[in-house]
Amino acid sequence: MTEPADAETRRAVQPVICYPDDTLPRPDLARYRKRRAGMRKVSETLVPPRDARCFDVPAGAAFRITSVEGPQVGDLNLWNADNLDERFFSGKTRALHGTHVSTGDRLWSAFPFLRPMATILEDTLEWYGIDSFGGSVHDVIGTRCDPYTNALLSGGHYHHCCHSNLTRALTNRSGLAPEVAERHIHDVLNVFMCTGFTRDTGQYFMKASPVRPGDYIEFLAEIPLLGALSACPGGDCSSEHSSDTAACYPLLVEVFAPEEKDGWSQPPVSSYDGSHGIGG
């Protein structure tokens, strides 16, 4: 198709940020870190390669995800521990903070709640920034590797995609039937994964994660959380996922809590009245 005469003029229109963050509530990281300094470890969960595990974090406590043996990415789901309907909303987190998250950014919950679930306190890969390919770490643009897309593209039936791993973990933790638990699995924070979009075709890409043993990302739980983390079958995602060929390693989840309960104040849910203009 022939380009119009004013094609370059149209392309040159300046972009506008959809959600200016000037009025977005900012976490008081100094206060949060002071709180974190008084915590002690209360639990740890080792997530095996090509599998997933659930973990619990009380409101006001912290949790840390660490690479412990080799370069490995993880797919993280979060729910309100008291209400699985309130779950992590990667799309709105992306709209508010950008395609990748790091220190000071928050993980937001789904409608109609829309409040911070967790705040990132520390990130040892914050130095990576955005590389020359447009790649960065800890993305909220990918979904999760899943058996449905795998079957669509390859015709195979692979049961250790992150979607299936998370489904098994939630089934085992909650006692829900697998088909019910699966409906609670949602788009993830791709922990340690290095991703972006190609400049020419706009395709989602992955490349070898820069994570090394000892690297971690740490969060403060704003509300009581049930988490599930999958150690992706892609390993460091340098070549492929949804297969048994990549070198894969475990991930460690540690939970830290204050010595005594101190009445942590959870953020309120959205102030929107929920009427949607009906009956008004």
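Residue numbers (the UniProt record's numbering): 1 to 280.
Every residue gets a Cβ at the ideal spot worked out from N, C-alpha and C, and that includes glycine.
Since this is a predicted model, take the numbers as computed values, not measurements.
Looking only at C-alpha atoms, which of the options sits nearest to residue i?
{"i": "SER275", "options": "PRO250, ILE223, PRO112", "result": "PRO112"}
{"i": "HIS160", "options": "LEU78, HIS100, ARG115, ARG53", "result": "ARG53"}
{"i": "ALA37", "options": "GLY60, GLY134, ALA110", "result": "GLY60"}
{"i": "LEU84", "options": "ALA95, ALA62, ASP56, ARG50", "result": "ASP56"}
{"i": "LEU189", "options": "ARG94, GLU182, SER154", "result": "ARG94"}
{"i": "ASN165", "options": "ILE65, ILE17, ILE141, ARG50", "result": "ARG50"}
{"i": "PHE197", "options": "GLY134, THR2, ARG144", "result": "GLY134"}
{"i": "HIS186", "options": "VAL137, ILE141, PRO258, GLU3", "result": "ILE141"}
{"i": "THR99", "options": "PRO4, VAL137, ARG26, ARG144", "result": "VAL137"}
{"i": "ALA208", "options": "SER174, GLU240, SER265", "result": "GLU240"}
{"i": "PRO213", "options": "VAL269, VAL255, SER265, LEU125", "result": "LEU125"}
{"i": "ASN77", "options": "ASP21, ARG183, SER154", "result": "ARG183"}
{"i": "MET39", "options": "TYR272, PRO27, ARG64", "result": "ARG64"}
Compute the beta-carbon to beta-carbon distance between residue i and residue j, rounded to the nearest angstrom, for a pair I have assumed lies under 8 angstroms.
{"i": "ASP105", "j": "ILE120", "result": "5 angstroms"}
{"i": "VAL191", "j": "PRO71", "result": "Not a contact, Cβ separation roughly 12 angstroms."}
{"i": "SER67", "j": "ASP215", "result": "5 angstroms"}
{"i": "LEU226", "j": "ALA81", "result": "4 angstroms"}
{"i": "GLU122", "j": "GLU218", "result": "4 angstroms"}
{"i": "residue 320", "j": "PRO233", "result": "Nothing in the structure corresponds to residue 320, since the chain is present only between 1 and 280."}
{"i": "PHE256", "j": "VAL16", "result": "At roughly 41 angstroms, the Cβ-Cβ gap does not stay under 8 angstroms, so PHE256 and VAL16 are not in contact."}
{"i": "PRO58", "j": "PRO224", "result": "6 angstroms"}
Within a Cβ cutoff of 8 angstroms, which residues of the same chain sit near residue i, ignoring the five residues on either side of it in sequence?
{"i": "VAL47", "result": "ARG53, GLY74, LEU229, SER230, ALA231, PRO250, LEU251, LEU252, VAL253"}
{"i": "PRO178", "result": "THR167, ARG168, THR171"}
{"i": "CYS18", "result": "ALA95"}
{"i": "GLY129", "result": "SER136"}
{"i": "ALA181", "result": "THR167, LEU170, THR171, SER174"}
{"i": "LEU176", "result": "LEU170, HIS184"}
According to DSSP, simplified to helix, strand and coil, what is residue i?
{"i": "VAL211", "result": "coil"}
{"i": "ALA181", "result": "helix"}
{"i": "THR66", "result": "strand"}
{"i": "ARG53", "result": "strand"}
{"i": "PRO119", "result": "Residue identity differs from the one stated: residue 119 is Thr in this sequence, not Pro. Looking at THR119 - three-state DSSP - the assignment turns out to be strand."}
{"i": "GLY91", "result": "helix"}
{"i": "LEU46", "result": "strand"}
{"i": "GLU126", "result": "helix"}
{"i": "residue 286", "result": "Here the chain has residues from 1 to 280 only, and residue 286 is not among them."}
{"i": "HIS97", "result": "helix"}
{"i": "ARG106", "result": "strand"}
{"i": "PRO147", "result": "helix"}
{"i": "LEU170", "result": "helix"}
{"i": "LEU152", "result": "helix"}
{"i": "LEU251", "result": "strand"}
{"i": "ALA61", "result": "coil"}
{"i": "GLU86", "result": "strand"}
{"i": "HIS138", "result": "strand"}
{"i": "PRO71", "result": "coil"}
Whose C-beta lies closer than 7 angstroms to the C-beta of residue i among residues of the same chain, with five residues either side of it excluded?
{"i": "MET206", "result": "MET193, CYS194, THR195, CYS237"}
{"i": "HIS157", "result": "PRO147, ALA151"}
{"i": "ALA110", "result": "GLU86, ARG87, PHE89"}
{"i": "ALA247", "result": "GLY70, GLY235"}
{"i": "ASP21", "result": "LEU96"}
{"i": "SER270", "result": "PRO112, PHE113, LEU114, ARG115"}
Just to confirm my understanding: we take residue i, look at its own chain, exclude 5 residues before and 5 after, and list those with CB closer than 6 angstroms. What are they?
{"i": "HIS97", "result": "ASP105"}
{"i": "LYS92", "result": "TRP108"}
{"i": "PRO267", "result": "ARG115, PRO116, GLU222"}
{"i": "ASP200", "result": "none"}
{"i": "LEU220", "result": "TYR32, ALA62, THR119, LEU121"}
{"i": "GLY263", "result": "none"}
{"i": "CYS162", "result": "ASP75, ARG144, CYS145, SER230, CYS232"}
Does residue i get closer than 9 angstroms to chain B when you measure Cβ to Cβ?
{"i": "ARG50", "result": "The structure shown contains no chain B; it is built from a single protein chain."}
Complete runs of the beta strand (DSSP E) confined to the stretch 3 to 44 [at least 3 residues] = none
Enumerated in chain order, which unbroken segments of the alpha helix (DSSP H) with a length of 4 residues or greater are wholly contained in the stretch 190 to 237?
-> none
Segments of 4+ residues assigned as alpha helix (DSSP H) that fall wholly inside the UniProt region "Disordered" (261 to 280) = The qualifying runs do not exist here; there are none.
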